[in-house]
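S.K.: One structure, as structure tokens, below. Some questions next.
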Amino acid sequence: MKHNDGMLPSPGKFKSEKSSYSRLRHHFSLAKITFWSLVFVFLIYVSFFRAPSSASQTSHSDPSRRSLRTSSYGDAWEKRVRASAKIRSHNGISVLVTGAAGFVGTHVSAALKRRGDGIVGIDNFNNYYDPNLKRARQALLERAGVYIVEGDINDEKLLRRLFDIVAFTHVMHLAAQAGVRYAMENPSSYVHSNIAGLVSLLEVCKSANPQPAIVWASSSSVYGLNTKVPFSEKDRTDQPASLYAATKKAGEEIAHTYNHIYGLSLTGLRFFTVYGPWGRPDMAYFFFSKDILKGKSIPIFEGPNHGTVARDFTYIDDIVKGCLASLDTAEKSTGSGGKKKGPAQLRVFNLGNTSPVPVSELVSILERLLKVKAKKLVTKMPRNGDVQFTHANISYAQKELHYKPTTDLQTGLKKFVRWYLSYYGNGKKSAQ
Ligand SMILES: O=C(O)[C@H]1O[C@H](OP(=O)(O)OP(=O)(O)OC[C@H]2O[C@@H](n3ccc(=O)[nH]c3=O)[C@H](O)[C@@H]2O)[C@H](O)[C@@H](O)[C@@H]1O
Numbered sequence: 001m002k003h004n005d006g007m008l009p010s011p012g013k014f015k016s017e018k019s020s021y022s023r024l025r026h027h028f029s030l031a032k033i034t035f036w037s038l039v040f041v042f043l044i045y046v047s048f049f050r051a052p053s054s055a056s057q058t059s060h061s062d063p064s065r066r067s068l069r070t071s072s073y074g075d076a077w078e079k080r081v082r083a084s085a086k087i088r089s090h091n092g093i094s095v096l097v098t099g100a101a102g103f104v105g106t107h108v109s110a111a112l113k114r115r116g117d118g119i120v121g122i123d124n125f126n127n128y129y130d131p132n133l134k135r136a137r138q139a140l141l142e143r144a145g146v147y148i149v150e151g152d153i154n155d156e157k158l159l160r161r162l163f164d165i166v167a168f169t170h171v172m173h174l175a176a177q178a179g180v181r182y183a184m185e186n187p188s189s190y191v192h193s194n195i196a197g198l199v200s201l202l203e204v205c206k207s208a209n210p211q212p213a214i215v216w217a218s219s220s221s222v223y224g225l226n227t228k229v230p231f232s233e234k235d236r237t238d239q240p241a242s243l244y245a246a247t248k249k250a251g252e253e254i255a256h257t258y259n260h261i262y263g264l265s266l267t268g269l270r271f272f273t274v275y276g277p278w279g280r281p282d283m284a285y286f287f288f289s290k291d292i293l294k295g296k297s298i299p300i301f302e303g304p305n306h307g308t309v310a311r312d313f314t315y316i317d318d319i320v321k322g323c324l325a326s327l328d329t330a331e332k333s334t335g336s337g338g339k340k341k342g343p344a345q346l347r348v349f350n351l352g353n354t355s356p357v358p359v360s361e362l363v364s365i366l367e368r369l370l371k372v373k374a375k376k377l378v379t380k381m382p383r384n385g386d387v388q389f390t391h392a393n394i395s396y397a398q399k400e401l402h403y404k405p406t407t408d409l410q411t412g413l414k415k416f417v418r419w420y421l422s423y424y425g426n427g428k429k430s431a432q
């Protein structure tokens, strides 16, 4: 600005010398044009280079950006959605599976498809862990005839569009930011997926006509610092030990609200450390296997006074049975047009294995199966959200869902290791 001010002409001078006046005027306009061009270029720079850098951090969380992409989905896309949602069995259901390229999502989608239900998946394919594994799961489902729409559950416009195309009878909501310890690194991703994403989904479900029944993934971590074992659904869950657990607990309260106000039928499933083939590389059994094969040391947590850390590890096939039984026993939502017509079903179930195994035992089993001795590094359990012990009381699920886990850790890990070695090779091509 100063530079330009300095060029401001004195009017008196220009009256006496006309030609130099017009020359000066010409110079002045050139300077003005140059100045405003620079301002313009600067503004473009700011909007194109600065703003997107902050947007790119939240790009996964900006539904409007995705909606732009969504609007480009055309007839061919719609046809794929319809084909995938086609029910092929008598009494089949049509299910929107969120997080379909995830570990549990893939297994549940495949199982539903096998029995003739119509399935449409949705997944944002984020890079919390190796997206190649998610793509491989997608390819697996694709071969089975399940289409996964690439999109975020925060994108209400996309969700509404899916409901316009398919009258889903059920939603199996498995999309989430998982992992207990990562919550200290990236807390907002938990709020984004587990709270905002859930609300976005429920908003769409509540105004869908007919409203679907919803089954969704809560977590055993909601028991937090609860010391009464085995954990029963009636026990207190108001002492979460991690933000992850807090967002899942918040999800249970949000479910209550949508059930209460809009008559949505909602079933929350508290999964207990689910493991198996096609599992999540961020989980201990998975990266322990990878590191044992690589000869890297593995940190085995122990509690205060050398206390045992144990988990009620639950095999994926048992979890899938629990999910399907929850869908099959879910009553219809009672609302329509965003209004409640009567009381609707609201349930929460533990889906565990009822037999906790110490982490040290998990490692011993892996050593035997992988035929490699682990380099164990016994470490004090860090204060980053872990709890020392989980143990499910499953009597409620047994009664209502006929849920009965049948796979012990040794048998389940054998299947996992077989898959791991066939997928990644004998440690040569290992997980990322
Ligand atoms: O059941 C649940 O609710 C939760 O189960 C798992 O959480 P977590 O049980 O902590 O599973 P892992 O991260 O695989 O840990 C398994 C066990 O290994 C221990 N561990 C973990 C990491 C490590 O480096 N060393 C170690 O000993 C943990 O303390 C824990 O006892 C999942 O990661 C969560 O998404 C899920 O919600």
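Every letter in the sequence shown is one number past the one before it in full-length UniProt numbering, and letter 17, counting from 1, is 17. Here a beta-carbon is modelled for each residue, glycine too, at the ideal position from N, C-alpha and C.
By how many angstroms is the C-alpha of F271 removed from the C-alpha of K88?
M.R.: The sequence position of residue 88 within the sequence shown is 88, counting from 1. The sequence position of residue 271 within the sequence shown is 271, counting from 1. Note that residue 88 is Arg in the sequence shown here, rather than Lys. Approximately 29 Å between the Cα atoms of the pair.
S.K.: May I ask you to verify whether the region 212-225 touches the region 355-372, counting CB pairs closer than 8 Å and requiring at least 3?
M.R.: Contact between the region 212-225 and the region 355-372 is absent, because fewer than three Cβ pairs lie under 8 Å.
S.K.: Does the separation of the CB atoms of T256 and L174 fall below 8 Å?
M.R.: As a first step, residue 256 must be located in the sequence shown, where it is residue number 256. As a first step, residue 174 must be located in the sequence shown, where it is residue number 174. Here residue 256 turns out to be His, not Thr, going by the sequence shown. No.
S.K.: Looking at ligand 1, does it come within less than 7 Å of Y128, judged from the CB to the closest heavy atom?
M.R.: Stepping through the sequence shown from its first residue, residue 128 is reached at position 128. Flag unset: Cβ of Y128 not near ligand 1.
S.K.: Using only the alpha-carbon positions, how far apart do Y423 and K296 sit?
M.R.: Taking the first residue of the sequence shown as position 1, residue 423 is located at position 423. Taking the first residue of the sequence shown as position 1, residue 296 is located at position 296. Distance between the alpha carbons of Y423 and K296 is about 20 Å.
S.K.: Tell me whether residue 440 counts as near ligand 1, meaning its Cβ is closer than 7 Å to at least one heavy atom of that ligand.
M.R.: The question about residue 440 has no answer here: the residues shown for the chain are numbered 1 through 432.
S.K.: Tell me the residue span of the beta strand (DSSP E) that contains N259.
M.R.: Residue mapping note: residue 259 aligns to position 259 of the sequence shown, counting from 1. Looking at the DSSP string, N259 is not in any beta strand (DSSP E); the run it does join, the alpha helix (DSSP H), is L243 to Y262.
S.K.: P358 by DSSP, collapsed to three states: which one?
M.R.: Along the sequence shown, read from residue 1 onward, the residue named residue 358 stands at position 358. In the structure shown, P358 sits in a strand (DSSP, three-state: E or B).
S.K.: Compute the Euclidean distance between the alpha carbons of D238 and A76, then round it to the nearest angstrom.
M.R.: Counting from 1 along the sequence shown, the entry for residue 238 is found at position 238. Counting from 1 along the sequence shown, the entry for residue 76 is found at position 76. Approximately 48 Å between the Cα atoms of the pair.
S.K.: Tell me which residues share the same chain as L366 and place their Cβ nearer than 8 Å to its Cβ, disregarding the 5 neighbours each side in the sequence.
M.R.: In the sequence shown, the residue the question calls residue 366 occupies position 366. If we look at L366 and ignore the five residues flanking it on each side, its Cβ neighbours are Y285, F288, S289, I292, A374, L413 and V417.
S.K.: Tell me which residue opens and which closes the alpha helix (DSSP H) that A139 is part of.
M.R.: The residue labelled residue 139 in the question sits at position 139 within the sequence shown. Residues P131 to A144.
S.K.: Any contact of the region 157-175 with the region 100-120, i.e. 3+ C-beta pairs under 8 Å?
M.R.: Yes: at least three Cβ pairs fall under 8 Å.
S.K.: Helix, strand or coil for W278 per DSSP?
M.R.: Locating residue 278 in the sequence shown gives position 278, counting from the first residue. Correct three-state label for W278: coil.
S.K.: What are the partner residues of W77, as DSSP defines its beta bridges?
M.R.: Indexing the sequence shown from 1 puts residue 77 at position 77. Paired residue(s): none; W77 is not in a bridge.
S.K.: Taking C-alpha atoms, which residue in L243, V274 and T273 lies nearest to S193?
M.R.: Taking the sequence shown and counting its residues from 1, the one referred to as residue 193 is at position 193. Answer by Cα proximity: L243.
S.K.: What does the alpha-carbon distance come out to for the pair T407 and G74?
M.R.: Here residue 407 corresponds to residue number 407 of the sequence shown, with the count starting at 1. Here residue 74 corresponds to residue number 74 of the sequence shown, with the count starting at 1. If you take the alpha carbons of T407 and G74, they lie about 44 Å apart.
S.K.: For F349, is the beta carbon positioned less than 7 Å from some heavy atom of ligand 1?
M.R.: Your numbering for residue 349 matches position 349 in the sequence shown. Every heavy atom of ligand 1 is 7 Å or more from the Cβ of F349, so no.
S.K.: Would you call G118 buried or exposed, if buried means 16 or more other Cβ atoms sit within 10 Å of its Cβ?
M.R.: Here residue 118 corresponds to residue number 118 of the sequence shown, with the count starting at 1. Buried, because 16 or more other Cβ atoms sit within 10 Å of the Cβ of G118.
S.K.: When you compare only the Cα positions, how much space is there between L421 and V199?
M.R.: Reading the sequence shown from its first residue, position 421 is the one you call residue 421. Reading the sequence shown from its first residue, position 199 is the one you call residue 199. Taking the straight line from one Cα to the other gives about 39 Å.
S.K.: Measuring alpha carbon to alpha carbon, tell me which of I394, V387 and T411 ends up nearest N226.
M.R.: Locating residue 226 in the sequence shown gives position 226, counting from the first residue. Nearest option by C-alpha distance: V387.
S.K.: So, with DSSP's three-state summary, where would you put I365?
M.R.: Taking the first residue of the sequence shown as 1, we reach residue 365 at position 365. The answer is helix: DSSP assigns I365 an H, G or I state.
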